[in-house]
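The structure appears right after this line, and notes come after that.
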Amino acid sequence: MMIDLPARPFAAQLAGDGHTALVVIDMQRDFVEPGGFGASLGNDVTLLHSAIAPIAALLAAWRARGWPVLHTRECHLPDLSDCPPAKRERGHPSLRIGEPGTMGRLLIAGEAGADIIPALYPAANEWVIDKPGKGMFWATGLHERLQAAGISHLVFAGVTTEVCVQTSMREANDRGYDCVIVEDATESYFPEFKRAAIDMITAQGAIVGWCATSSQVLAALGAGKNQHLEP
Ligand code: C5J
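When the letters of the sequence shown are read in order and numbered with numbering that gives the first Met the number 0, they come out as residues 0 to 230.
In structure tokens, the structure reads:
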């Protein structure tokens, strides 16, 4: 069963019956809270906070239907063997990846800062994908897992729009997934980059995918209904 979704640049469809996963990118304390990696780069982390409530609403809708949810965390092994110099030595942060901050070592798996913020914490049955890159397919084995689960459509939320969300969505489109980004459920430290990223994704006839608001997605799903109980 397909579900019609009003979207930009034209109407999209989502696959029903659990074939559409909600993808929540990197809603980690290290990006969203003071003292983390995002702040070490000089960013105002409060700019990301408006995405939290829309993501929570999407999570509730997916959970009510029993549809698949996956969360990603950008993080590295404690010995940094999966963090190339091309990433670690980039820019002029006050602290680099792996150095100790107020929430533990920055972007290191298992540290408090690398975990998902409490408001959006994964449920026990949800997938949590630790990724060393910006894109969610690099070095994660995710494509094979999605294929095995019969997932064909992905709805994207999270941070930051033009970095890890956009990279993951482009990687997903190249692998054959139909993708929608949820405009109010994604944020950037740079509002103009968010706008530009969404424009690039949706330009040229949805060259990477579609864009919809969380209200449009929730309305299309008939939020709160459990599709398995009320087909
Ligand atoms: C960044 C991300 N901004 N999650 N990561 O480095 O977008």
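Even for Gly, the Cβ is constructed at its ideal location relative to N, Cα and C.
Measure the alpha-carbon distance for ALA14 versus GLU98 and round it to whole angstroms.
Your numbering for residue 14 matches position 15 in the sequence shown. Your numbering for residue 98 matches position 99 in the sequence shown. Going from the Cα of ALA14 to the Cα of GLU98 covers about 43 Å.
Give me the residue from ALA55, LEU105, LEU153 with the minimum Cα distance to PRO131.
Your numbering for residue 131 matches position 132 in the sequence shown. Considering only alpha carbons, the answer is LEU105.
Does PHE240 pass the burial test, meaning 16 or more other C-beta atoms within 10 Å, or should it be called exposed?
Nothing about residue 240 can be reported from this structure: the residues present for the chain run from 0 to 230 only.
With a cut-off of 8 Å, do at least 3 Cβ pairs link the stretch 169-183 to the stretch 28-37?
no
In the DSSP assignment, the beta strand (DSSP E) including ASP177 goes from what residue to what residue?
As a working mapping, residue 177 is identified with position 178 in the sequence shown. Taken as a continuous stretch (DSSP letters only), the beta strand (DSSP E) holding ASP177 covers 177-186.
Can you tell me whether DSSP reads ASP173 as helix, strand or coil?
Locating residue 173 in the sequence shown gives position 174, counting from the first residue. Reduced to three states, the DSSP call for ASP173 is helix.
Where the beta strand (DSSP E) through LYS130 begins and ends:
As a first step, residue 130 is located in the sequence shown; it is residue number 131 there, counting from the start. Run containing LYS130: 126-130, per the beta strand (DSSP E) assignment.
Are ALA196 and LEU4 touching if we call contact CB-CB under 9 Å?
Mapped onto the sequence shown, residue 196 falls at position 197. Mapped onto the sequence shown, residue 4 falls at position 5. Their beta carbons are not under 9 Å apart, which means ALA196 does not touch LEU4 by this criterion.
Nearest residue (CA-CA) to VAL22, options TRP126, GLY112, LEU79, CYS82
Mapped onto the sequence shown, residue 22 falls at position 23. Ranking the options by Cα distance to VAL22, first place goes to TRP126.
Helix, strand or coil: which one does DSSP assign to ALA138?
Locating residue 138 in the sequence shown gives position 139, counting from the first residue. DSSP places ALA138 in coil when its eight states are reduced to three.
Can you check DSSP and say which residues form a bridge with VAL162?
If you number the sequence shown from 1, residue 162 lands on position 163. Note: VAL162 sits in no beta bridge, so no partner.
Would you check whether the ligand C5J has a heavy atom nearer than 8 Å to the C-beta of LEU25?
Locating residue 25 in the sequence shown gives position 26, where the first residue counts as 1. Before going further, note that residue 25 is Asp rather than Leu in the sequence given. Because some heavy atom of the ligand C5J lies under 8 Å away, the Cβ of ASP25 counts as near it: yes.
Where THR71 sits in the DSSP three-state scheme
Along the sequence shown, one-based indexing puts residue 71 at 72. Looking at THR71 - three-state DSSP - the assignment turns out to be strand.
Where GLY140 falls, given that 16 or more other Cβ within 10 Å makes a residue buried
Within the sequence shown, residue 140 is the residue found at index 141, counting from 1. Exposed: under 16 other Cβ atoms inside 10 Å.
Inter-residue Cα distance where the pair is PRO67 and THR19:
Position 68 of the sequence shown, counted from the start, is the residue given in the question as residue 67. Position 20 of the sequence shown, counted from the start, is the residue given in the question as residue 19. Cα to Cα, PRO67 sits roughly 7 Å from THR19.
Please tell me whether, using a cut-off of 8 Å, the distance from the CB of CYS163 to the nearest non-hydrogen atom of the ligand C5J is below it.
By 1-based counting over the sequence shown, the position of residue 163 is 164. Indeed, a heavy atom of the ligand C5J lies less than 8 Å from the Cβ.
Helix, strand or coil at PHE155 [DSSP, three-state]
Residue 155 sits at position 156 when you count from the first residue of the sequence shown. Of the three classes helix, strand and coil, the one that applies to PHE155 here is strand, per DSSP.
Does PHE136 pass the burial test, meaning 16 or more other C-beta atoms within 10 Å, or should it be called exposed?
Here residue 136 is taken as the residue at index 137 of the sequence shown, counted from 1. Result: buried.
Kindly examine the ligand C5J and report whether one of its heavy atoms sits closer than 8 Å to the Cβ of THR45.
Numbered from its first residue, the sequence shown carries residue 45 at position 46. No - the ligand C5J has no heavy atom lying nearer than 8 Å to the Cβ of THR45.
Have a look at VAL164 and LEU94 and give me their C-alpha separation to the nearest angstrom.
In the sequence shown, residue 164 corresponds to position 165, counting from 1. In the sequence shown, residue 94 corresponds to position 95, counting from 1. Taking the straight line from one Cα to the other gives about 23 Å.
For ALA104, which beta-bridge partners are listed by DSSP?
Sequence index remark: in the sequence shown, residue 104 carries index 105 (1-based). What sits at residue 104 in the sequence shown is Arg, not Ala. Its beta-bridge partners are PRO99.
Backbone secondary structure at VAL207 - three-state DSSP:
Numbered from its first residue, the sequence shown carries residue 207 at position 208. The answer is coil: DSSP assigns VAL207 none of H, G, I, E or B.
Which word fits ALA171, buried or exposed, when buried means at least 16 other C-beta atoms lie within 10 angstroms of its C-beta?
The residue you call residue 171 lines up with position 172 of the sequence shown. ALA171 comes out buried.
Name the two residues that bound the continuous beta strand (DSSP E) containing ALA6.
As a working note, residue 6 is residue 7 in the sequence shown. Premise fails: ALA6 is in no beta strand (DSSP E) and is neither H nor E.
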